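J.: Encoded as structure tokens, here's the structure I'll be asking about.
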Amino acid sequence: MIPELGHFALILALLLSVAQAVFGLAGGARSNTAWMAASRSAVVGQFVFTALAFGTLAWAFIQRDFSVLYVATNSHSELPLFYRVAAVWGAHEGSLLLWSLCLAAWTLAVAAGSKALEAPFRSRVLGFLGLISIGFQLFMLTTSNPFKRLIPAASEGLDLNPLLQDFALAVHPPILYLGYVGFSVAFAFACATLLEGRLDAAWARWTRPWTLAAWLFLTIGIALGSWWAYYELGWGGWWFWDPVENASFMPWLAGTALIHSLAVTEKRGLFKSWTLLLAVSAFSLSLLGTFLVRSGVLISVHAFATDPKRGIFILAFLTIVIGGALLLFAWRAPRLRSSAAFEPTSRESFLLLNNAFLIAALSLILLGTLYPLFIDALELGKVTVGAPWFNLMFLVPMLPLLALLGVGMHAAWKRGLLGTAKYRLYAIAGIGIAGSLLVGGAAYGDIRPMTTLGFALALWVMLSSLAMPWARIRARQPLPAAALGMVIAHFGVGLTTLGITGVQSFKVEKDFALGVGESAQIAGYDFKLAALRDVQGMNFIGVEADVVVSREGSPVTVLHPQKRLYNSGGNPMTEAGIEVGAARDLFAALGDQLGQGRWSMRLQYKPLIRYIWLGAILIALGGLVAALDRRYRAPVQARAGEAVVPVAQ
Amino acid sequence: MKFPVRFLVPAIAFAVLVAFFFVGLQREPGRIPSPFIGKPAPTFSLESLGDPAWKVGTADFSGRPWLLNVWATWCVGCRDEHEALLAIARQNRVPIMGLNWRDDRALALRWLAQLGNPYVSVAYDPEGRTAIDWGVYGAPETFLIDSGGRVVKKHIGPLTMEAWESEFLPLLTFAEGRK
Chain A
1 MIPELGHFAL
11 ILALLLSVAQ
21 AVFGLAGGAR
31 SNTAWMAASR
41 SAVVGQFVFT
51 ALAFGTLAWA
61 FIQRDFSVLY
71 VATNSHSELP
81 LFYRVAAVWG
91 AHEGSLLLWS
101 LCLAAWTLAV
111 AAGSKALEAP
121 FRSRVLGFLG
131 LISIGFQLFM
141 LTTSNPFKRL
151 IPAASEGLDL
161 NPLLQDFALA
171 VHPPILYLGY
181 VGFSVAFAFA
191 CATLLEGRLD
201 AAWARWTRPW
211 TLAAWLFLTI
221 GIALGSWWAY
231 YELGWGGWWF
241 WDPVENASFM
251 PWLAGTALIH
261 SLAVTEKRGL
271 FKSWTLLLAV
281 SAFSLSLLGT
291 FLVRSGVLIS
301 VHAFATDPKR
311 GIFILAFLTI
321 VIGGALLLFA
331 WRAPRLRSSA
341 AFEPTSRESF
351 LLLNNAFLIA
361 ALSLILLGTL
371 YPLFIDALEL
381 GKVTVGAPWF
391 NLMFLVPMLP
401 LLALLGVGMH
411 AAWKRGLLGT
421 AKYRLYAIAG
431 IGIAGSLLVG
441 GAAYGDIRPM
451 TTLGFALALW
461 VMLSSLAMPW
471 ARIRARQPLP
481 AAALGMVIAH
491 FGVGLTTLGI
501 TGVQSFKVEK
511 DFALGVGESA
521 QIAGYDFKLA
531 ALRDVQGMNF
541 IGVEADVVVS
551 REGSPVTVLH
561 PQKRLYNSGG
571 NPMTEAGIEV
581 GAARDLFAAL
591 GDQLGQGRWS
601 MRLQYKPLIR
611 YIWLGAILIA
621 LGGLVAALDR
631 RYRAPVQARA
641 GEAVVPVAQ
Chain B
1 MKFPVRFLVP
11 AIAFAVLVAF
21 FFVGLQREPG
31 RIPSPFIGKP
41 APTFSLESLG
51 DPAWKVGTAD
61 FSGRPWLLNV
71 WATWCVGCRD
81 EHEALLAIAR
91 QNRVPIMGLN
101 WRDDRALALR
111 WLAQLGNPYV
121 SVAYDPEGRT
131 AIDWGVYGAP
141 ETFLIDSGGR
151 VVKKHIGPLT
161 MEAWESEFLP
171 LLTFAEGRK
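These protein sequences, in sequence, are chains A and B. According to our numbering, the first sequence is numbered sequentially starting from 1. According to our numbering, the second sequence is numbered sequentially starting from 1.
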């Protein structure tokens, strides 16, 4: 009975989405107050019923209702409660429902948090968001119903994929989806703006915090995925350029470009059509990612159950939503004119370059991800584009981007670089290069060109980020939250660069065959397999090793890598033993049993790897601080000295 | 006002992309046609999964149609199709031979003990040599071999009862008669 209620709630949510879209768009077009109010009520109802549907599915999981097909395929009676709840989004159908719920939540937030917007504009935004909701709810009800019954009921579930039975991966999808779906707000804002053919500074100011919020969730989501891959997959890698990873990274790059471009549009009324195109692109890339992951059009290690029917549905939906928005753009964007002059070394120029490099990186990743598909469709054979290609290509736009980042922060709007800032930057650049040589030479005893460049850029970005608030405070200038957020995020970018350079330059990864009592050495550390014992968890059995690590005779730590076999069967899982440190991680993973009591073991030394994720956390934190800037919550009326730029016709 | 074409560029680029996606969907990159269709099945003789001393292989089925199902315990799709395989085995129309691919013997035996055994025999191929001969691209894959020892059908991905009834049964009726 309960699952049927959930199914029914989902149908009601779909009907309310239709009402939200129709009354929102028509009400906005005719400035009909009653219709606009109806759209807002539909938003609330849509959220309530989507949440109800989600709640009933979660209830079916908690109650171990194996008469629901989706529950029977993704849960097990021995599965702990936390993972039974997380299993709701452990596969295709449930993650779509989660996606829908995120969208309903964002829509509700927009309806509640944008009262200061002009009513017709706000109504159109809700209308566009409603159109997206319709697509996802229809998708679920027609091809991927999570409430489908299994008759007769299974006596036991097939279990949640053991890879997903992990804290980081349990919380990873909701956060990632909040990011993906959050870009729908900027998308709807852009579509409504294009429809009205009017873009002013207030529009940019309203879009900025929503974009920042979505972007910071996406940042955390991507970082969580990377961290999980590092400790759970057992290979010790932190980024694989897998299509699914790329699918989340591309909207992130577009979102990053959008954040920067919005700043110019707000402050100077420039880059208008470009900003709108980015707002459309960021969400389009989120949808594209969904298509790539779920249609089976690309082969990925993450592949969800794929089904050609689903692929066709998503492709049709994609065509309508993205194609429609891009046609709207082609039709209306030429009316938006921006005209203002700026100096070559002004902040506008640097932000323009920022966008150029970010989009170049995005295009390269898109090309690399889709290249196998293009080649296959043209019947030229089957190819794969590997990580080395991405690693190299990504550097091309990233190195100049980091170099310019340090300067751009200090450039003033409209005018060029200020004299004092120039000398400060020379000093920072000098310190950066010297520091880089020092780190490479003294700490690792090895000076290589790419490593030196990486460390120098990292130090350059970090120091330059710190110099900005320092100079402002000394000059007794205010430091608004938006500027502080920028500083934190840019410092995080430097930190991540530091981590990547350290790991890529000095990591050591080696495989050994060890019996109890034997040891192996890497990077000056001695790893001794001291003991092996059987362990038993709530729903798995396994083997755990004690790996005693010492350096020059003095003990460092004991690692406890595990090999687990879940009771429900399937592939054995690796739980790496990791000693976390500020300067390095020590990593041991159990491989296969080789016979005669020996095990293959993968031992790794990972210098500075923590800074990759610490930097990502700071980037997200910077986004949060900036999104909370009071200016964004100020009334929408144009303030003195800030012209509302009319449409030039 | 002359219409500025450059604003149409994103829409055009997207249209090209959609065309590629549409073609890509039809092709389903995981679906590589087997070059063995209509050709004699590659022969093999391998250790039985349950008993290393016992050899099983293509010779066991001369003169009647049979199914070869490639599976492994690490393969999620194999778990999905297991019910269908059991149901097909219960129909008792055609023997199913399993090819346990790149797997661990103990794990594989435990899997069969837990989920039920649809196979008349299971060949153990830990290194995947035989699977290469058969052009196996990924598990699960299911082949139908006719009574003349020719491969008449290859199914990639989890076998479902619908696929069995619509794709295999008509061929099987034909395959039974073909000597």
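Note that CB positions come from ideal geometry on N, CA and C, so glycine has one too. Here the structure is a predicted model, which means the values were calculated and not measured.
Indicate whether at least one CB of chain B lies closer than 8 Å to the CB of residue 242 of chain A.
T.: Here residue 242 of chain A refers to the residue found at position 242 when the first sequence is read from its first residue. No, its Cβ sits nowhere closer than 8 Å to a Cβ of chain B.
J.: Let me confirm a value: residue 379 of chain A is counted as buried when at least 16 other C-beta atoms fall within 10 Å, else exposed. Which label applies?
T.: Counting from 1 along the first sequence, the entry for residue 379 of chain A is found at position 379. Exposed.
J.: Along the stretch 4-15 of chain B, where does the CB come closer than 8 Å to a CB of chain A? Name the residues.
T.: Considering only beta carbons, the part of the stretch 4-15 of chain B lying closer than 8 Å to chain A consists of 4, 7, 8, 10, 11, 14 and 15, in chain order.
J.: Strictly below 7 Å CB to CB, what residues from chain B border residue 322 of chain A?
T.: Taking the first residue of the first sequence as 1, we reach residue 322 of chain A at position 322. Those are 14, listed as they occur along chain B.
J.: Which residues share a DSSP beta bridge with residue 151 of chain B?
T.: Position 151 of the second sequence, counted from the start, is the residue given in the question as residue 151 of chain B. DSSP lists B:37 and B:145 as partners of residue 151 of chain B.
J.: Going straight from the alpha carbon of residue 76 of chain B to that of residue 292 of chain A, what length do you get?
T.: If you number the second sequence from 1, residue 76 of chain B lands on position 76. If you number the first sequence from 1, residue 292 of chain A lands on position 292. About 20 Å.
J.: Taking only the alpha-carbon atoms, compute the straight-line gap between residue 181 of chain A and residue 509 of chain A and give it to the nearest angstrom.
T.: Translated into the one-based positions of the first sequence, residue 181 of chain A becomes position 181. Translated into the one-based positions of the first sequence, residue 509 of chain A becomes position 509. Cα to Cα, the separation comes out at about 38 Å.
J.: Could you tell me whether the Cβ of residue 527 of chain A comes closer than 8 Å to any Cβ of chain B?
T.: Stepping through the first sequence from its first residue, residue 527 of chain A is reached at position 527. No, its Cβ sits nowhere closer than 8 Å to a Cβ of chain B.
J.: Looking at the secondary structure, which residues open and close the beta strand (DSSP E) in which residue 672 of chain A lies?
T.: As shown, chain A starts at 1 and ends at 649. That puts residue 672 of chain A outside it, with no answer to give.
J.: Is there a Cβ of chain B sitting closer than 8 Å to that of residue 329 of chain A, yes or no?
T.: Within the first sequence, numbered from 1, the residue matching residue 329 of chain A stands at position 329. Taking Cβ atoms only, chain B reaches closer than 8 Å to residue 329 of chain A, which makes this a yes.
J.: What's the C-alpha gap between residue 74 of chain A and residue 159 of chain A?
T.: One-based indexing of the first sequence puts residue 74 of chain A at position 74. One-based indexing of the first sequence puts residue 159 of chain A at position 159. Looking at the two C-alpha atoms, the distance is approximately 5 Å.
J.: In three-state DSSP terms, what is residue 601 of chain A?
T.: The sequence position of residue 601 of chain A within the first sequence is 601, counting from 1. Of the three classes helix, strand and coil, the one that applies to residue 601 of chain A here is strand, per DSSP.
J.: With a cut-off of 8 Å on the beta carbons, I'd call residue 70 of chain B and residue 141 of chain B a contact; round off their distance for me.
T.: Reading the second sequence from its first residue, position 70 is the one you call residue 70 of chain B. Reading the second sequence from its first residue, position 141 is the one you call residue 141 of chain B. At roughly 5 Å, the Cβ-Cβ gap stays under 8 Å, so residue 70 of chain B and residue 141 of chain B are in contact.
J.: If you follow the beta strand (DSSP E) that residue 69 of chain B is in, where does it begin and where does it stop?
T.: Indexing the second sequence from 1 puts residue 69 of chain B at position 69. 66-71 is the span of the beta strand (DSSP E), which, as asked, contains residue 69 of chain B.
J.: May I have the straight-line CA-CA distance separating residue 615 of chain A from residue 403 of chain A, to the nearest angstrom?
T.: Here residue 615 of chain A is taken as the residue at index 615 of the first sequence, counted from 1. Here residue 403 of chain A is taken as the residue at index 403 of the first sequence, counted from 1. Cα-Cα distance, rounded: 17 Å.
J.: Using 10 angstroms around the beta-carbon of residue 151 of chain A, count the other beta-carbons present and answer buried if the total reaches 16, otherwise exposed.
T.: The residue labelled residue 151 of chain A in the question sits at position 151 within the first sequence. By the 10 Å Cβ count, residue 151 of chain A comes out exposed.
J.: Taking only three categories from DSSP, how would you classify residue 301 of chain A?
T.: Here the question's residue 301 of chain A lines up with position 301 in the first sequence. Because the pLDDT at residue 301 of chain A is just 40, under 50, the model does not fix this residue reliably, and the point stays unresolved.
J.: Okay, do the stretch 182-202 of chain A and the stretch 307-319 of chain A touch, 3+ Cβ pairs below 8 Å being the bar?
T.: no
J.: Entirely within the stretch 131-192 of chain A and at least 3 residues each: give me those beta strand (DSSP E) ranges in chain order.
T.: none
J.: Mind pulling the chain B residues with CB within less than 9 Å of residue 313 of chain A?
T.: Stepping through the first sequence from its first residue, residue 313 of chain A is reached at position 313. Near residue 313 of chain A there are no residues of chain B at all, since even the closest Cβ is about 11 Å away, more than 9 Å.
J.: Report all residues from its chain with a CB closer than 6 Å to the CB of residue 29 of chain B; omit the five preceding and five following residues, and keep chain order.
T.: The residue labelled residue 29 of chain B in the question sits at position 29 within the second sequence. Unreliable positioning characterises residue 29 of chain B in this predicted model, as indicated by a pLDDT of 45, which lies under 50. A coordinate reading is not provided.
J.: Please report the straight-line C-alpha distance between residue 144 of chain A and residue 344 of chain A, rounded to a whole angstrom.
T.: Counting from 1 along the first sequence, the entry for residue 144 of chain A is found at position 144. Counting from 1 along the first sequence, the entry for residue 344 of chain A is found at position 344. Going from the Cα of residue 144 of chain A to the Cα of residue 344 of chain A covers about 53 Å.
J.: Taking all protein chains shown into account, do 16 or more other C-beta atoms lie within 10 angstroms of the C-beta of residue 423 of chain A, making it buried, or fewer, making it exposed?
T.: The residue given as residue 423 of chain A occupies position 423 in the first sequence. Residue 423 of chain A is exposed by the Cβ-count criterion.
J.: Going by alpha carbons, who is nearest to residue 289 of chain A out of A:214, A:370 and A:213?
T.: Sequence index remark: in the first sequence, residue 289 of chain A carries index 289 (1-based). Selected option, being the one with the closest Cα: A:370.
J.: Drop a sphere of 10 angstroms on the beta-carbon of residue 430 of chain A, count the other beta-carbons inside from all chains shown, and report buried for 16 or more, exposed for fewer.
T.: On the first sequence, residue 430 of chain A is found 430 positions in, with the first residue counted as 1. By the 10 Å Cβ count, residue 430 of chain A comes out exposed.
J.: So, with DSSP's three-state summary, where would you put residue 97 of chain B?
T.: Residue numbering aside, residue 97 of chain B sits at position 97 when the second sequence is read from its first letter. Here residue 97 of chain B sits in strand by DSSP.
J.: Between the beta-carbon of residue 350 of chain A and the beta-carbon of residue 407 of chain A, is there less than 8 Å?
T.: The sequence position of residue 350 of chain A within the first sequence is 350, counting from 1. The sequence position of residue 407 of chain A within the first sequence is 407, counting from 1. Yes, the Cβ-Cβ distance between residue 350 of chain A and residue 407 of chain A is below 8 Å.
J.: Is any beta-carbon of chain B found at less than 8 Å from that of residue 300 of chain A?
T.: Counted from its first residue, the first sequence places residue 300 of chain A at position 300. A caution first: residue 300 of chain A carries a pLDDT of 44, below 50, which makes its placement in the model unreliable, though a value can still be read off. No, because no Cβ of chain B sits closer than 8 Å to the Cβ of residue 300 of chain A.
J.: Which residues, taken in chain order from the stretch 76-93 of chain B, show a beta carbon closer than 9 Å to some beta carbon of chain A?
T.: 76, 77, 79 and 80
J.: Hey, is the stretch 479-491 of chain A in contact with the stretch 617-633 of chain A, meaning 3+ C-beta pairs nearer than 8 Å?
T.: yes
J.: Check the Cβ of residue 319 of chain A against every Cβ in chain B and list those closer than 8 Å, keeping chain order.
T.: As a first step, residue 319 of chain A is located in the first sequence; it is residue number 319 there, counting from the start. Simply 18.
J.: For a contact meaning CB atoms closer than 8 Å, what does residue 277 of chain A contact in chain B?
T.: If you number the first sequence from 1, residue 277 of chain A lands on position 277. What residue 277 of chain A touches in chain B: 10.
J.: Do three or more CB pairs link the stretch 224-234 of chain A to the stretch 268-277 of chain A at distances below 8 Å?
T.: no
J.: Taking the C-alpha atoms as reference points, what is the distance between residue 661 of chain A and residue 176 of chain A?
T.: Outside the modelled stretch of chain A, which goes from 1 to 649, sits residue 661 of chain A, for which no answer is possible.
J.: Is it true that the CB of residue 145 of chain B sits closer than 8 Å to the CB of residue 68 of chain B?
T.: By one-based count along the second sequence, residue 68 of chain B stands at place 68. By one-based count along the second sequence, residue 145 of chain B stands at place 145. Yes; because the gap between Cβ atoms is below 8 Å, this pair is in contact.
J.: Pick from A:545, A:514, A:217 and A:548: whose alpha carbon is nearest that of residue 621 of chain A?
T.: Looking up residue 621 of chain A in the first sequence gives position 621. For residue 621 of chain A, the nearest C-alpha among the options comes from A:217.
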